[in-house]
Structure formats: structure tokens, C-alpha cells
Amino acid sequence: MGEKADERLIIVSGDSHAGIPNDLWAEYLPERFHDLLPSLRQDNVIYPTAMQLNVAKSAIEGASSHAHHPEHQEAHSTGWHGLHDPVLRLADMDREGIAAEIIYLGDFRLGDLFHNVTNRSYGLEAWEAGAKAWNRWTSDTFGFATDRFLVTAAIGPCVDMDAAVAEIHWIAEHGFVGTYAPGYMTHPDMPPLYDPYWEPFWAACAETGIAIVVHAGYGTEQGLVFPHVQEIYDTVAEAAGSTDREALLAHASAVTDESRQFFTNFSNYNIDSRRPMWQLMLGGVFDRHPTLRFVPSEIRLDWIPTTLAHIDAVYAEHRDEVPAQRAPSDYWSSNCLGVGSFMHKAEVEMRHEIGVENMVFGRDYPHPEGTWPHTTGWLQDAFEGVPDDELRLILGENAIRFFGLDRARLAEIAKRIGPTIDELHAGGPVADDLIASFALRGGYLKPAERDTNLEKVDEALRADLEALAVTGSR
Amino acid sequence: MDRNDERLIVVSGDSHAGVPKELWSEYLPSRFHELLPSLRADNVIYPTAISLLGDKGGLEDHPEHAAAHRDGWHGLHDPVLRMADMDREGVAAELIYLGDSRLGDMFHNVTNRDYGLDAWEAGAKGWNRWAADTFGFAMERFLVTGAIGPCVDMDATVAEIEWMADHDFTGVYLPGYLRHPDMPPMYDRYWEPFWAACEQTGIALVVHAGWGTEQGFVWPVVQGIYDVCKDAAGGSTERDDLFAHSDAVTDEPREFFDNFVNHNVDSRRPMWQLMFSGVFDRFPDLGYVPTEIRVDWIPATLDFLDKAFEAKRAELPAERTPSDYWRTNVLAGASFIRKVEVGMRHEVGVETLLFGRDYPHPESTWPHTREWLRDAFEGVPDDELRLMLGENAIRFFDLDRDRLAEIARRIGPTIQEIHAGGPVADDLIENFARRGGYLKPAEGADRISIVEGAVREDLEALATAGAAR
């Protein structure tokens, strides 16, 4: 090893997405679901079009602008095929200095097989089959390099617990590192996560080392979103008198305020995805399964310190009524790794409050809001002035420790592709237009949330406590 | 098992793959990166120009075909998608070649502008590395053939053949697919180490359509089509504007491509050059695979070559007749096989023919391979069907038959399906005719006079070379 400045950083990104091309859907689904495919293909045109119309309407209102950085635009015109082409994906990792990366389901350009919160409701069986199909395709596609592709599974409705546990064993045998938490998508009969119903599931995950991932979108009822998507599409199609793409975009102004409000709320103001964390903590799941890993992802980290302080306080008041043996912030330190997807400047500044050993940077490749294809520039600016040891932890060492990755193997890869510490520290200032693009696409310069949503959190927390107290008194 | 339930092992002799442009820099040394902006621009011009040419021709498409080609062609670079397309069409294994207009190639294809010999060499190596990375996990089903460089450095060329063999490639494009002025003809002793390396490693020689084209020869015509439409569109390069002015394409480029595709015999020439110069005598295990250059001209041509050989026998290094080498060293790839070619199978040689899909080219059988096979092979006896659809390739390339039979048991068409699948819809047959010339009459002896001129030239050169030794 040369001088310290020449040291190559091992970067493990905590966020990326993959998806099955439409042409493969039939291949991975049992035949009895094939009659749903024409409708699913249709949804898969409606959904991305509606989302684009929503953005276009916001642009008209001046609420945001979808004028994008030319390199970003170029990358997204065809470069997103790394979603399904593993060689292309590896090259995009190499170019950005990423030794390994967590892979999740979900990208609007390819859609998902009934198991995503953006899908129309096709019922529980199709959802179950779609989730299984995603896992099989993912294994077929990325299985040759699970040292670098840290694959996480899709989750079904979990109506049959034996089958759900068998699937956990299947993914563990195929080198997966995690699974979406049950309840990413919900159905009316699904028990809450603190219910003993889930014990065999937590046990299987703890035993096999499969981490529980709570990704943005968590907690959405099957089919809840799609009517709003359809509404945007239908309204604009009516105004345009056509479903021709150009005609639709020319009539984006027809998108109603109600529709826009729904998606703003859905993305920015709902705390459903935060709830499983305290449900598992207070429900004593981490006491019964001390090796269970929990990974909140792409739901930001700036709310974590205030929320943990609040739950700690509430826990102190009610500790006799809940199964938990330790303070929530204690479980956070021992069982959680928060993914700072396209990390905001404010989140880097809050790193000591969040826990320098409990966070990992994520690219969110290849989503439009992610750092790709500008990860190096993003890191240079976001981590300016951060000491080397903290840099190593947040960019890679935390993930290596948490998931038990093969450090020697990743160090070997990083020697070839990783950025040097010097490059990150002295790469020079990042161009203003690029910073502006980071802000536009990923909210890079947003102030920290801190206690803005604390009232809502408190309300949900109280409801959970009550339910837990009742369960506890059984 | 009922005979009709037997699953056919289908080995297709023709498909294409390409490196996505996002990967070009990854597979090329950095000193060639400065050429990439220009190559990317070419890669917009080329497919646009070819579409403009087709647009003027007023081709209409079958809806399933149009749907498949809208975005289903990503099997070009995604191996899981490709495998599913093979499974769906009942193809157990398939030869993979370079070249598709939608992704372009890195300097080493006849459709590229002339970027010089070094870039060509680097691009061919880049293609081979990418193909190994992408398809290497399943080489029993992906029968990859290597791209070929300018072969200026014979040691490096031989090393590359050994690299391919180490990476389980099945074949390599024959030198001269793309040509440069200093390249010796195929009968020159310059190539001796190359043939030796291919024979020793079991790498077959592939002569694909387009063979024998000078580097950069096609490009000016492509650029001309694009420019003339651009001018007519008032300088706009917007796709819609260009296509609104596709009428501006003149007859010359149409004739050029018609000649290039249909009337040149360059790609036939290496066959008799190797035969007459005794290459197959010195290297009896060398395999030769002419592909996507049709097979309907073969019987008349072999007949002519045999006579020419008899007449000059004493002056030529060859010890056997051309039709004899044809039987022992050749496997002909009948891409999107035509009705008349199936009819001529006994003249061509039932043991020397191999069906090919040409996946995922627009002229190919995909996504209608099952229908294509049903119609084309109607009434062909079972044993002949087995040979032309798979057993010939298994024997010729020495493939793992047990492994392929196991795959075929899962995905292969039954003999019953091919023989009694019912008539194929008229609109599909019409579409086959339009996209792949499925119903064209046989060429027969139509171009023998052109062949004759080329053969005479080669025989004279060979006699001179023989005398000079």
C-alpha cells in the first residue's frame, strides 16, 4: 500500500434496483397467471406515463423543474438497462467505484409482477407468484457474482407461514443477503409485525442471516396507489382526446390538484415505512432474535435522532407494559443499518447523531433521483471534510461488518476500481450545475426533517403501544 | 415413448449479440476512447439510414413481429432474456455472432466507418472479452464465435485463437470478413499458423454474410442516405423530420445495398480458395461454416468447382474434389431457411445443413420459429429433421449431446408439433416472405458466370503461387 491518500476505498452501496424485462414475465410465472399479463403490460404503460404527467404538471406549476443535467439525461435515455443486464450493471459499478451493492426490486421502466405497491390489485395468489418469480429471476441473473450483487428478495402476502419460511431458506441457499419485510405491501388480514404470527419468520431470517429490509413504500395496501395513477392517465387522455404519448404530454395541465396532492403525501408525508422499526423494537423481536438485522432504506435518516430520542422516552415510561428489554436506541446501535440513499448534505452533517457505525451510503442506481452516473461527484461534495475513518465506515466497512461480507474479496476488487481517499478529499469543487442537479433530482440540499413529523410519529407509536400492552397482557 | 412425443434437439446455426454502447469504454483500452463520440454518432446514423431505406421501400410489418422488435431485442446483450427466448422457441443451443444495427460494433464490422487497423483490432478483442463475460456461464447453450481483427501480427492472432478456445468459444470469423489492402488472400501460406491453431483447438471458421468487404467501404453510402434526408428536412436530424423525407433517398443507395446483399459472391469465395489450396488436406479436422449466405447456390457451384478442379488437378495443391471437402469439413448455416432450400436438401447434403434463427434480426424467424419450422419442414422425414435441426451441429462441433438432450426434454418441440401442428396462417407466411425472402425461388445457376470469373482468377493465382514455391 502506498501513502494513505492512495488508499482505495471499499464502497458498498446500500441501494440499487433491478427488474424483470416484460419479455421474461411469462417465463417466470406459472401458466395460470398468464391471462393477467396483457392487463399488466397495459398497467406498465399507464404507470410510467402517469408519473411523467405528474412531474410535467409540477413543472407547469413551477413547483419543480424536470430540466435535467445533460449527462443525467443521456444516462437515462438508454443506459438504465443495467436494471436487467448484469454485465452492464457491473461496469456501472466499476466506473463509479462500487465494490458491492444491495439490489432491491422496483423500477417503473420495467414494472413488477403484481408484488409491488405500484401494481394494481391482482389478488394475493398473483402477488405470491410474482414475488417468487422475482426471486428466481434475480438468482438466475445475478447469482454468478453474489459477492458483489447483494440481492434482496421480494416478499409475498405471507398467508402460508410454512411457505414463507421455506422461501427464506430458498433465498438464503441462493446467496441473498436480505428480504423485503412482510407488510411492504399489505392486505386486510395481515397481522401487525409485533404479532406472534411472525415468530417463525423472524426465526428463519435470524437463523439464515437474512436481513429485513424496509424500503420506501412500505406499508401500502395492495392496489391503493393504482386508482390514482389511472385517474391521472384517464383525465389527461380525455383532455387530449388521445392516448398518444406526445398528445398526453401536451395536456399535462389537466392533471388535477387532488392527484398531485395524493402523490406528494404518499412520497413525503407518510410515516408508514418508519413504523416497523419501533414495532419490532418494542415487540421484543430483537431480544428473542438478537442476530436479526434490520435495514431501513431510502426513507432518509434525518428523522432518526429525534425519533429515537422520543421512542426512548416513551419506552422508559412504559417499559413494564412492553416485551422489549432494552431502549430503542440500543437496538438501533446493535441491530440496524440505515441506508442513506443519495445522501443529503444535512444527513452527512448529522452523522454523529444518527450513528457513524449505523449508516451506509446508497446510490439508488439506476433511479432518476439517484447519484448515478455522478456518484464520485456526489461523494466528493457530500463527504467534504469528513475524517478518513468515518468515511471508510459509512462508505463500506459498516456494511461489511453488518452483513458479514467477504472483506478480502471486496478489498481486492476495490484495489482495481475504488476511488482513492485523495480523490474524494481533493477532487476539487463539484461544478455548480451538478450540485443544482443533485438538489433537483434527489433533494440533496434539503434541510433536515428533525421533529417536523414527530406528532404523527407519536400518534402511531401510541396506537402501537396500546395494542402491544393488550397483547402483552395475554 | 411414442415417437411423436420425442423432443427434438434444436441447435440453431445463427444468432447475433452486441456490446451495449455503455460498455464500449469498459472493453476498449483508453487510447481508443477518443473515438467513441464519433462511433456513437455513427451508431445513430447507421440504423436510421437503414430504416430510411426500408421506409422508402414501404415494408409493412406483422404485429407480433413489430412488438418483439420494439423492445424485445435486448436479448442481444442480456443472457437471461436470450435464454428465455431460446427456451420459448425450443432452441437448446445456438451459434452467436457479432453484429446488430441496434447496438453497432466497435470498429470491427463491415458496417463501421474506417477507424484504422489498431482500433479494429482492439474492438474485435473487446467483443470477444465481453462475449466471454456475458455468455461464459452457459457455453453449452451459447455457442460463441469470436470477432476477427486485421491479423497483421500473426503471433497475436494465434494467441487470440487460443484465448477463445480457453474460453470455450465454438468458432471465429474467418480473416477477411473485414479486409484491408495488405491482407494476403486465403490461399496464401501466411495463414498456415492460423489454420493450425484453429484445427488444434477445435475452433471452426465462420464465413458470415458481409465477408470480404473493405474496411469503411459501406459507410459513405450510409452517410449519403442520412445526409440526403437531412438536407430534404431542412437540416433537421429529428427522427420524425427525417422519416417525413424518406422519399429523398435516391435509387443509387438502394441498388448499392441490393448488390451488396444479393449479388456479390465475395462471401462464397473463401470456400473454394481453402479447398483448392489444400488447406483441408493439411488440416483435415478444420471446420468451415458458411452462414446466412443461403445454400440454394451450393449444388450448382460445387458441380462447377468439381469440373474446374478436374481440369486443373495437376496444378493445384488440393488432393480431393470440392464436393468431397464439402461433405467432410463443412456445415452450412441455413439462416431463416427458405422453402426451396428445404426442397433442395438432398442436393445440398442432408448431413451438411443446419437451420438458423438469425435471432434477433428483423429478417429472422424469431419470434415465430416454431411456425417457421412447421411450414418449412412439412413432409420432411423424421431422421432428416433431426439432422438438420440439431444432430449435424452436435456431430460437427462435438457438442455435449446428453446435456442438450436433457435441455430439449424441457423445451424442445415434439416431432408431432412440427409434423401435425396444423397449417401456418397465411398472413404469417406472407410476413416470412417479406422479411426473410421465405418463398423466393432457388438461385440455381443464375450467378455461375460471376462465380466462374472469380474462380478463374483464383486458379490462376494459385497456379502462379504453386510454381513460385
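From first to last, the protein sequence lines stand for chains A and B. Under our numbering, the first residue of the first sequence is numbered 1, with each subsequent residue one higher. Under our numbering, the first residue of the second sequence is numbered 1001, with each subsequent residue one higher. Even glycine gets a Cβ: it sits at the ideal position worked out from N, Cα and C. What you are looking at is a predicted structure, and each value in this text was computed from that prediction instead of being measured.
Proximity of residue i and residue j at Cβ, strictly below 7 Å
i: Tyr1187 of chain B; j: Ser1051 of chain B; result: no
i: Glu1363 of chain B; j: Arg1435 of chain B; result: yes
i: Ala131 of chain A; j: Pro276 of chain A; result: no
i: His76 of chain A; j: Pro21 of chain A; result: no
i: Ala154 of chain A; j: Leu105 of chain A; result: yes
i: Glu1094 of chain B; j: Ser1012 of chain B; result: yes
i: Met359 of chain A; j: Gly385 of chain A; result: no
i: Arg1113 of chain B; j: Gly1224 of chain B; result: no
i: Ala382 of chain A; j: Ile299 of chain A; result: no
i: Val1010 of chain B; j: Gly1390 of chain B; result: yes
i: Pro419 of chain A; j: Leu9 of chain A; result: yes
i: Leu393 of chain A; j: Glu357 of chain A; result: yes
i: Asp23 of chain A; j: Gly1018 of chain B; result: no
i: Ser13 of chain A; j: Gly362 of chain A; result: yes
i: Trp1195 of chain B; j: Leu1331 of chain B; result: no
i: Asp272 of chain A; j: Gly219 of chain A; result: yes
i: Pro366 of chain A; j: Gly82 of chain A; result: yes
Inter-residue Cα distance where the pair is residue i and residue j
i: Glu128 of chain A; j: Thr152 of chain A; result: 16 Å
i: Arg970 of chain B; j: Asp1446 of chain B; result: Chain B is shown from 1001 up to 1469; residue 970 of chain B falls before or after that span and cannot be answered.
i: Thr179 of chain A; j: Asp107 of chain A; result: 17 Å
i: Thr307 of chain A; j: Glu369 of chain A; result: 25 Å
i: Ser16 of chain A; j: Val177 of chain A; result: 14 Å
i: Asp1241 of chain B; j: Ala1233 of chain B; result: 6 Å
i: Asp1266 of chain B; j: Thr141 of chain A; result: 41 Å
i: Ile304 of chain A; j: Ser333 of chain A; result: 12 Å
i: Gly1235 of chain B; j: Asp1258 of chain B; result: 28 Å
i: His310 of chain A; j: Phe1135 of chain B; result: 53 Å
i: Ser121 of chain A; j: Gly111 of chain A; result: 14 Å
i: Leu1108 of chain B; j: Ala237 of chain A; result: The question names Leu, yet the displayed sequence has His at residue 1108 of chain B. Those two C-alpha atoms are separated by around 47 Å.
i: Tyr444 of chain A; j: Arg351 of chain A; result: 15 Å
i: Ile98 of chain A; j: Leu1117 of chain B; result: 34 Å
i: Ile46 of chain A; j: Gln230 of chain A; result: 7 Å
i: Glu1022 of chain B; j: Ala56 of chain A; result: 28 Å
i: Ala1425 of chain B; j: Asp1061 of chain B; result: 15 Å
Cutoff 7 Å: residue i Cβ touching any chain B Cβ
i: Thr243 of chain A; result: no
i: Ala129 of chain A; result: no
i: Glu246 of chain A; result: no
i: Glu74 of chain A; result: no
i: Pro412 of chain A; result: Here residue 412 of chain A is Glu; the residue named in the question, Pro, does not match the sequence. So no, Glu412 of chain A is outside the interface.
i: Pro21 of chain A; result: yes
i: Val457 of chain A; result: no
i: Thr149 of chain A; result: Residue 149 of chain A is actually Phe in this sequence, not Thr. Taking Cβ atoms only, chain B never reaches closer than 7 Å to Phe149 of chain A, which makes this a no.
i: Ile452 of chain A; result: With the sequence shown as reference, residue 452 of chain A is identified as Thr, and Ile is not the correct amino acid for it. Closer than 7 Å: no.
i: Glu480 of chain A; result: In the structure as shown, chain A starts at 1 and stops at 474, and residue 480 of chain A therefore has no counterpart that could be examined.
i: Ala91 of chain A; result: yes
i: His425 of chain A; result: no
Strand pairing of residue i, partner residues [DSSP]
i: Glu101 of chain A; result: A:Ser13 and A:Phe149
i: Gly1146 of chain B; result: B:Val1172
i: Ser1015 of chain B; result: B:Tyr1359
i: Arg8 of chain A; result: A:Thr420
i: Ala216 of chain A; result: DSSP output for Ala216 of chain A lists no bridge partner at all.
i: Tyr1226 of chain B; result: In the DSSP output, where bridge partners are listed per residue, Tyr1226 of chain B has none listed.
i: Met1344 of chain B; result: Per DSSP, none; premise fails for Met1344 of chain B.
Closer than 7 Å to chain A by CB, residue i
i: Asp1078 of chain B; result: yes
i: Thr1134 of chain B; result: yes
i: Leu1081 of chain B; result: yes
i: Ala1084 of chain B; result: yes
i: Glu953 of chain B; result: This structure does not reach residue 953 of chain B, given that chain B is present from 1001 up to 1469, and the question cannot be answered.
i: Phe1276 of chain B; result: no
i: Phe1137 of chain B; result: yes
Under 8 Å from the C-beta of residue i: neighbouring residues of chain C
i: His81 of chain A; result: Note that chain C does not occur in the displayed structure, where the protein chains are A and B.
Near the ligand COA: residue i beta-carbon under 6 Å from a heavy atom
i: Ala26 of chain A; result: Among the ligands in the structure shown, none appear at all, so the ligand COA cannot be discussed.
Exercise. Counting Cβ pairs closer than 8 Å, one from the stretch 1334–1342 of chain B and one from the stretch 1278–1298 of chain B, do we hit at least three?
Worked result: Counting Cβ pairs under 8 Å, three or more are found: they touch.
Exercise. Does the count of Cβ pairs from the stretch 1028–1037 of chain B and the stretch 1410–1429 of chain B closer than 8 Å reach three?
Worked result: The stretch 1028–1037 of chain B vs the stretch 1410–1429 of chain B: no contact.
Problem set entry | the stretch 157–177 of chain A in contact with the stretch 38–54 of chain A per 3-pair CB rule at 8 Å | Touching, no, given that fewer than three Cβ pairs across the two stretches are closer than 8 Å.
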